Structures are given as structure tokens and as C-alpha cells.
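> After the C-alpha cells below, expect a handful of questions from me.
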Amino acid sequence: MNKIIIWLKIGKVFIDQESIRGLKRKGPQTQISLFSNQVLVVNASYDKIIEMLPSGRF
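The working numbering numbers the first residue of the sequence shown as 58 and each following residue consecutively.
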């Protein structure tokens with residue numbers, strides 16, 4: 058069965074939602090930890106990012 062990959066555009070960055078390991082507030086920004094050991098800091102509200110992700114994920 059084919060799997061549908063959902064990409065999120067957060068700021069200027071496209072992120073596959075399955076690659077997100079964790080989220081953390083960092084002032085008005087959000088820190089996104091990926092499974093590839095990358096850490097991104099984006100100018101987006103933590104609460105808005107949580108709303109975009111499937112419920113129960115974080």
C-alpha cells in the first residue's frame with residue numbers, strides 16, 4: 058500500500074511531518090528537532106505548529 062507523505066511549510070522550510078521528533082518553545086519562535094539529528098528554529102508560533110500536526114502526536 059502506498060503511503061501519503063504530508064509536508065508542512067513552516068516559514069521558509071518544508072518538513073515531512075513524520076520526521077519531527079519533538080517541538081519546544083523558544084521565546085516567540087519554535088525549535089523543531091528532527092530524527093535526522095537536525096535542530097531547526099523557525100519564526101512560527103508553537104501553538105500554530107501543534108494545531109497543524111495530527112492530534113496525539115505531541
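Glycine is no exception: its CB is placed at the ideal position from the N, C-alpha and C atoms. Just so it is clear, the structure is predicted and the values come from calculations on it, not from any experiment.
Just the Cα atoms here: how many angstroms apart are residue 96 and residue 110?
18 Å
> With respect to the beta strand (DSSP E) encompassing residue 63, which residues constitute its N-terminal and C-terminal limits?
That residue, residue 63, is in no beta strand (DSSP E); it is neither H nor E in DSSP.
> Does the distance from the CB of residue 102 to the CB of residue 76 come in under 8 Å?
Against a cut-off of 8 Å, the Cβ pair of residue 76 and residue 102 comes out as no contact.
> So is residue 72 buried or exposed if we call it buried at 16+ other beta carbons inside 10 Å?
buried
> What three-state label does DSSP hand residue 95 in the structure shown?
coil
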